[in-house]
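K.L.:
Below is the structure I would like to discuss, written out as structure tokens.
Numbering (our numbering), first residue to last: -8 to 220.
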């Protein structure tokens, strides 16, 4: 898969290279997302990253295709904006440090095999703080059996909620599913990172016959410890 993107970005213009995406532009120009530290996950040739930089964001763009990143650097230089472009793998991030207030992903998560989507989520979580925004665009429809081989082509309806719902408040801002033709649907989600769960621990003691027991209550679990008689 990586070789496919390396060669295609090097020698061709990809069909999704259409400038900054309209949902992103609407959120920023409408003031819902304000300038902050942002990262474009799977940035391709950098159109979204460059747009954000033009709007005053501090931007990092990440892609595993070095040929795409090189084009992104050229695009940023031409626009006279600063974007930090990084070649890295979203399921095994090694070069991106710190957290971000706004994360963007257009068409990358749905490109991953189901087994790689949990490692991806793990990497996303460590890039966020409570209150971080995450804009996700993905192909989304009920997959027919032959659309699952040799690799999955889209997320299933409900998969975003299942994977992200524990960690993010989710708003589906637009999308359509099970269309005729191909692709058969898409979804666009704006999510906000939930506050991290705090570990609540309470302790007390009681007597059981002649034995004093210490009771610890931690996140709904009760532990008993014999303190001796």
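For each residue, glycine too, the CB sits at the ideal point set by N, CA and C.
Could you check what DSSP says for residue 147 in three-state terms: helix, strand or coil?
P.N.:
Within the chain shown, the letter at position 156 stands for residue 147. Of the three classes helix, strand and coil, the one that applies to residue 147 here is coil, per DSSP.
K.L.:
Leaving out the 5 sequence neighbours to the left and right, which residues in its chain are closer than 7 Å to residue 232 when beta-carbon positions are compared?
P.N.:
Nothing in the structure corresponds to residue 232, since the chain is present only between -8 and 220.
K.L.:
Ignoring anything shorter than 3 residues, give me the beta strand (DSSP E) runs that lie fully in the region 38 to 92, in order along the chain.
P.N.:
List check, beta strand (DSSP E) in window: 49 to 54 and 74 to 78.
K.L.:
Quick one, which of 171, 177, 173 and 79 has its alpha-carbon nearest residue 163's?
P.N.:
Position 172 of the chain shown holds residue 163. Nearest C-alpha to residue 163 among 171, 177, 173 and 79: 177.
K.L.:
On the DSSP letters alone, give me the boundaries of the alpha helix (DSSP H) that residue 117 sits inside.
P.N.:
Within the chain shown, the letter at position 126 stands for residue 117. Looking at the DSSP string, the run of the alpha helix (DSSP H) that includes residue 117 is 105 to 117.
K.L.:
For the beta strand (DSSP E) that contains residue 179, what are its first and last residues?
P.N.:
Start at 1 with the first residue of the chain shown, and residue 179 comes out as number 188. Its beta strand (DSSP E) spans residues 177 to 184.
K.L.:
Run the CB neighbour count on residue 173, radius 10 Å, all protein chains shown included, and call it buried at 16 or more, exposed below.
P.N.:
Position 182 of the chain shown holds residue 173. When all chains shown are included, residue 173 counts as exposed.
K.L.:
According to DSSP, simplified to helix, strand and coil, what is residue 95?
P.N.:
Working through the chain shown from its first residue, we reach residue 95 at position 104. Correct three-state label for residue 95: strand.
K.L.:
Within 8 Å of any Cβ in chain C, is that where the Cβ of residue 55 sits?
P.N.:
The structure shown contains no chain C; it holds only a single protein chain.
K.L.:
Report the three-state DSSP secondary structure of residue 18 (helix, strand or coil).
P.N.:
Locating residue 18 in the chain shown gives position 27, where the first residue counts as 1. Three-state DSSP puts residue 18 in a helix.
K.L.:
Compare the C-alpha of residue 114 against each of 84, 121, 132 and 14 and name the closest.
P.N.:
By 1-based counting over the chain shown, the position of residue 114 is 123. Nearest neighbour of residue 114 by Cα position, chosen from 84, 121, 132 and 14, turns out to be 84.
K.L.:
Within a Cβ cutoff of 8 Å, which residues of the same chain sit near residue 134, ignoring the five residues on either side of it in sequence?
P.N.:
As a first step, residue 134 must be located in the chain shown, where it is residue number 143. Contacts found: 143, 144, 145 and 147.
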